[in-house]
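Okay, structure first, notes after.
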Amino acid sequence: MLKTIYLAGGCFWGTEKYLSLLHGVVETEVGYANGGFEHPSYEQVCAGSGHTEAVRVVYEDSQLTLPFLLDIFYESIDPTSVNRQGGDHGINYRTGIYYTDEADRPAIEASLARLAGRHDRPIAVELLPLADFSSAEDYHQRYLDRFPGGYCHINHTQLNRAERVRDPAIYG
Numbered sequence: 199m200l201k202t203i204y205l206a207g208g209c210f211w212g213t214e215k216y217l218s219l220l221h222g223v224v225e226t227e228v229g230y231a232n233g234g235f236e237h238p239s240y241e242q243v244c245a246g247s248g249h250t251e252a253v254r255v256v257y258e259d260s261q262l263t264l265p266f267l268l269d270i271f272y273e274s275i276d277p278t279s280v281n282r283q284g285g286d287h288g289i290n291y292r293t294g295i296y297y298t299d300e301a302d303r304p305a306i307e308a309s310l311a312r313l314a315g316r317h318d319r320p321i322a323v324e325l326l327p328l329a330d331f332s333s334a335e336d337y338h339q340r341y342l343d344r345f346p347g348g349y350c351h352i353n354h355t356q357l358n359r360a361e362r363v364r365d366p367a368i369y370g
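Going by this note's numbering, the sequence shown opens with residue 199, and the numbers climb by one from there.
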């Protein structure tokens, strides 16, 4: 069954590329989430509209479990950093998990609890229902596919690993 989750991990160019490489992810789209209104421009988001740069992730849950997807997502971020990932900073670069299916919330909460147990600083990944999501401008979609040398806080080793990893709950 296809499921959807929205993940914010700093600059959406790298997060989208990273997540798109995972076995079981069938579609990704970059956009702006949870800012209180729909259809902001990139300029409004960068100016502090309250939106975060996020990725809509559609995945096949028979190939990729939500807890495993989140564990791989956490490897691409500093989960203790507030409003910052890599060289990017501001409210639009905060990290978050935004769900549309209330049934996903317990698995997300358990995942965040496991993550917190591995850190000695508080986890800064927000967990909220998705309030709003607007697709980013076309030039942001699949940006690193078109410009492989573009800025990304996720390094090539992480990208290569994402492409090779398989969910142990499914593949053993």
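Glycine residues also receive a C-beta, built at the ideal position from the N, C-alpha and C atoms.
Note that the coordinates shown come from a computational prediction; the quantities given were computed from them, not determined experimentally.
- Where V228 is concerned, the enclosing beta strand (DSSP E) starts and stops at 223 to 231.
- S279 sits in coil when the DSSP states are folded into three classes, being neither helix nor strand.
- Out of V323, S309, E227, the CA that lies nearest to the CA of T263 is found in S309.
- Of the residues E214, L220, M199, C209, the one whose Cα lies closest to the Cα of R364 is L220.
- Around the beta carbon of H351, 16 or more other beta carbons lie within 10 angstroms, which makes this residue buried.
- By the Cβ criterion, the stretch 297 to 311 is not in contact with the stretch 343 to 350, since fewer than three pairs of Cβ atoms, one from each stretch, lie closer than 8 angstroms.
- Remark: fewer than three beta-carbon pairs, one from each stretch, lie closer than 8 angstroms, so the stretch 276 to 293 and the stretch 328 to 343 are not flagged as touching.
- For L325, the secondary structure class from DSSP, reduced to helix, strand or coil, is strand.
- Following the DSSP letters along the chain, one finds F210 inside the alpha helix (DSSP H) bounded by residues 210 to 218.
- The beta carbon of M199 sits closer than 6 angstroms to the beta carbons of D259 from its chain, once the five residues preceding and following it are set aside; these are given in chain order.
- Between the alpha carbons of A231 and P327 lies a distance of about 10 angstroms.
- Residue pairing by DSSP puts V253 in a beta bridge opposite L205, V228.
- The distance from the Cβ of T213 to that of V253 is about 5 angstroms, consistent with a contact at the 8 angstroms cut-off.
- In the three-state reduction of the DSSP assignment, S260 falls in the coil class.
- Nearest neighbour of Q261 by Cα position, chosen from I295, P304, E335, K201, turns out to be K201.
- A direct Cα-Cα distance of roughly 15 angstroms separates F210 from G233.
- Put simply, the backbone Cα of V223 is about 30 angstroms away from that of R319.
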